[in-house]
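J.:
What follows is the structure, given as structure tokens:
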């Protein structure tokens with residue numbers, strides 16, 4: 031689902047493939063195609079037995095990342111390094127990604143991998159050829175929360191098939207919560223928390239025209255909207271109209287959205303590893 035905002039109303043729109051139609055783009059060696067049913071690549075469905083195998087493997091990746099991350103949680107001696115973009119990274123981020131990449135390379139050596147910490151293990155061709163399968167990994171989304179002992183961080187795992195996201199995982203190892211969303215095809219889609227199906231807020235499901243005053247809205251930080259930009263102005267206008275603007279949940283906000291506890295997550299400047307699993 032995706033939303034458009036007009037005046038004081040939130041208009042929910044639903045696409046048969048389960049998401050908004052992304053335009054063709056290349057970013058950080060990620061290629062995405064339109065998820066329109068008319069797309070020739072989108073109509074090539076993954077066999078059911080392969081779906082089951084890949085879903086089980088995605089859970090295996092989340093387990094591996096969690097096993098690395100958990101011992102470092104609330105470890106006060108943990109070193110925090112600033113990357114070139116000044117975002118923090120720890121050995122937990124790096125080792126968790128390496129553990130997942132090692133499993134992918136061993137089990138599916140023909141799959142392309144894009145990770146936040148180490149980039150792509152296999153380059154997409156300059157001609158723009160789309161890989162059949164591509165994993166997009168963020169070992170710890172919300173590193174600032176992680177290093178300050180707040181359990182709103184998560185491991186994000188996405189699988190793209192012919193450039194279209196078909197499987198996404200949000201894993202919170204501390205609270206032992208794992209959301210798995212799948213959109214293999216219109217008949218095989220849904221989101222599950224620890225194996226139980228969850229839904230967005232019934233307010234959104236009942237109506238395609240919802241008052242903003244009834245919505246809780248999460249944003250990781252309002253500082254992600256560049257000061258003086260049109261995005262900042264739009265965000266401030268929106269924040270005044272919702273029931274409550276809330277901050278600081280990172281990927282956990284999207285998990286709460288999928289489970290029906292909040293109605294909006296509004297953010298900017300997201301990278302492929304931030305959004306593909308969502």
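Residue numbers (the numbering used here): 31 to 308. Where a beta carbon is used, it is the ideal one built from N, C-alpha and C, also for glycine. In this text the structure is predicted, and so the values were computed from the model without any measurement.
How should residue 212 be labelled, buried or exposed, when 16 other C-beta atoms within 10 angstroms of its C-beta is the threshold for buried?
T.: Indexing the chain shown from 1 puts residue 212 at position 182. Classification for residue 212: buried.
J.: Excluding five sequence neighbours on each side, which residues of the same chain lie with their C-beta closer than 8 Å to the C-beta of residue 129?
T.: Counted from its first residue, the chain shown places residue 129 at position 99. So the qualifying residues of the chain are 94, 95, 97, 98.
J.: Classify residue 267 as helix, strand or coil using the three-state DSSP reduction.
T.: As a position in the chain shown, residue 267 is number 237, starting the count at 1. The answer is helix: DSSP assigns residue 267 an H, G or I state.
J.: DSSP has residue 121 in a bridge; who is on the other side?
T.: Taking the first residue of the chain shown as 1, we reach residue 121 at position 91. According to DSSP, residue 121 bridges with nothing at all.
J.: Can you give the Cα-Cα distance for residue 79 and residue 138, rounded to whole angstroms?
T.: Here residue 79 refers to the residue found at position 49 of the chain shown. Here residue 138 refers to the residue found at position 108 of the chain shown. Those two C-alpha atoms are separated by around 15 Å.
J.: Which residues share a DSSP beta bridge with residue 90?
T.: What you label residue 90 is simply residue 60 of the chain shown in a count that begins at 1. In DSSP, residue 90 forms no bridge with anything.
J.: Considering only the alpha carbon of each residue, which of 288, 143, 250 lies closest to residue 161?
T.: Counted from its first residue, the chain shown places residue 161 at position 131. Residue 161 has its Cα closest to that of 143, out of 288, 143, 250.
J.: What residues are listed by DSSP as bridge partners for residue 212?
T.: Your numbering for residue 212 matches position 182 in the chain shown. DSSP, once it has assigned bridges, lists 197, 220 as partnering residue 212.
J.: Which value, in whole angstroms, describes the spacing of the CA atoms of residue 289 and residue 76?
T.: Residue numbering aside, residue 289 sits at position 259 when the chain shown is read from its first letter. Residue numbering aside, residue 76 sits at position 46 when the chain shown is read from its first letter. Using only the alpha carbons, I get a separation of about 27 Å.
J.: If distances are taken between C-alpha atoms only, which option among 230, 190, 180, 201 comes closest to residue 214?
T.: In the chain shown, the residue the question calls residue 214 occupies position 184. When each option's Cα is compared against that of residue 214, the closest is 190.
J.: Could you pull the DSSP bridge partners for residue 126 from this structure?
T.: What you label residue 126 is simply residue 96 of the chain shown in a count that begins at 1. The partner list for residue 126 (beta bridge, DSSP) is empty, contrary to what the question assumes.
J.: Determine the burial state of residue 192: buried for a count of at least 16 other Cβ atoms within 10 Å of its Cβ, exposed for fewer.
T.: The residue labelled residue 192 in the question sits at position 162 within the chain shown. The residue is buried, with at least 16 neighbouring Cβ atoms inside 10 Å.
J.: How would you call residue 146, buried or exposed, if buried means at least 16 neighbouring beta carbons within 10 angstroms?
T.: Sequence index remark: in the chain shown, residue 146 carries index 116 (1-based). Residue 146 is buried by the Cβ-count criterion.
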